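*Asks:* The following block contains the structure, expressed as structure tokens.
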Amino acid sequence: MYTLYTLPGSCSTGIAVLLERLGVHYQLIKRNDVPDYQEMVPTNQVPALKTEEGRIITEGAAIALYLLEKHDNDMLPTDIEARSEFYQWLHFDYSTLHPAYGRMFAIAFKIKLSDEIKAETLQQLADTVSSLWAILDKRLETRKFIMGDKPTHVDYMAAVYSSWNAGFAETKIELGENVKRFIADVASLPEFKAAYEKEQIDFKKTV
């Protein structure tokens, strides 16, 4: 059995969705329930996955690829060209979209600023986030999901990130009509629902 260390509603939830899709046994442990978590994971970040052999894997993209390569599935393309495209969108999620939201969270909750400057800075950062959603919106003009007709892990992550908009109610983030449709489709998937139910949280649909 795998152990997934998580903060419900964070990027670790996307790994829970993937585990559900793969149909493997796992348990969830909240990071804040582990007193020595930082000794195990020096960055103190989630997700972290304890493998069946007892090894700890950190970094969401590394965990996702480990699971996709270890377990039979139709999400990781076998053709090298298609696989490179999957990698591109995987890193768009983890290395571009996620950090863009991370900068917003830092301004909103970690850096002391006047209300006026904070609101102005957040909107500037939100405009960048909106431009990233616009890239995905264009991608989805001719596709149901990011890679085509079937959902993959890159879809799960994008949908999870969209729920973070709820934390910025006073800031305008544009999603685009194709993205809104896409989020509704991903949120209706059984594996997506199962993961949120297991984490005992509701998906914050902000469309």
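Following my numbering from start to finish, the sequence shown increments by one per residue and tops out at 207.
C-beta: ideal position from N, C-alpha, C; glycine also.
Quick caveat, the model's predicted, so the values are computed rather than measured.
(1) Which of the three DSSP states is assigned to A194 in this structure?
(2) Just the Cα atoms here: how many angstroms apart are E141 and A134?
(3) Is the beta carbon of V154 sitting closer than 8 Å to the one on F86?
(4) Count the other C-beta atoms from every protein chain shown that fall within 10 angstroms of the C-beta of T6, then say buried if there are 16 or more, exposed otherwise.
(5) Applying the criterion that 16 or more other CB atoms from any shown protein chain within 10 Å of the CB defines a buried residue, is M1 buried or exposed?
(6) If you follow the alpha helix (DSSP H) that K50 is in, where does it begin and where does it stop?
(7) Assign V199 to buried or exposed, taking buried as 16 or more other Cβ atoms, counted over all protein chains shown, within 10 Å of its Cβ.
(8) How about E197 and R21: are their beta carbons less than 8 Å apart?
(9) May I ask which residues mark the beginning and end of the beta strand (DSSP E) holding Y66?
(10) Please report how far the alpha carbon of A62 lies from the alpha carbon of L76, in whole angstroms.
*Replies:* Well, looking at it:
(1) helix
(2) Approximately 11 Å, taken between the alpha carbons.
(3) Between V154 and F86, the gap from beta carbon to beta carbon is short of 8 Å.
(4) buried
(5) By the 10 Å Cβ count, M1 comes out exposed.
(6) Here K50 belongs to no alpha helix (DSSP H); instead the beta strand (DSSP E) covers 48-50.
(7) The displayed chain sequence assigns Glu, not Val, to residue 199. It is buried - the Cβ of E199 has at least 16 other Cβ atoms within 10 Å.
(8) no
(9) Not the beta strand (DSSP E): Y66 falls in the alpha helix (DSSP H), residues 60-70.
(10) 14 Å
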